[in-house]
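Numbering (the UniProt record's numbering), first residue to last: 1 to 90. Every residue gets a Cβ at the ideal spot worked out from N, C-alpha and C, and that includes glycine.
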């Protein structure tokens, strides 16, 4: 597996937030976007507020690991998430 992946649990509560963040990640931060995926994870399922889980790369993939360890990638990823949050709350 390689790239980013954005998880949501509830289509009613979480999907819009996940989509806002994913749209920004998809614009290009250094790894390809694998889109949105349903995630039946405790941290999402048991959260009463809108929530998403963002996989910003796979450390099991050597290429991803070398990219995600760079400061420039981390800054781009953080900005994409912040911009996605701003879009969501706008």
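The alpha-carbon of residue 75 is positioned some 12 Å away from that of residue 67. Just so you know, the alpha carbons of residue 13 and residue 86 end up roughly 17 Å apart. Beta-bridge partners assigned by DSSP to residue 22: none are found. Remark: C-beta atoms of residue 88 and residue 17 approach each other more closely than 9 Å. Closest by C-alpha distance to residue 7, out of 25, 22, 23 and 37, is 37.
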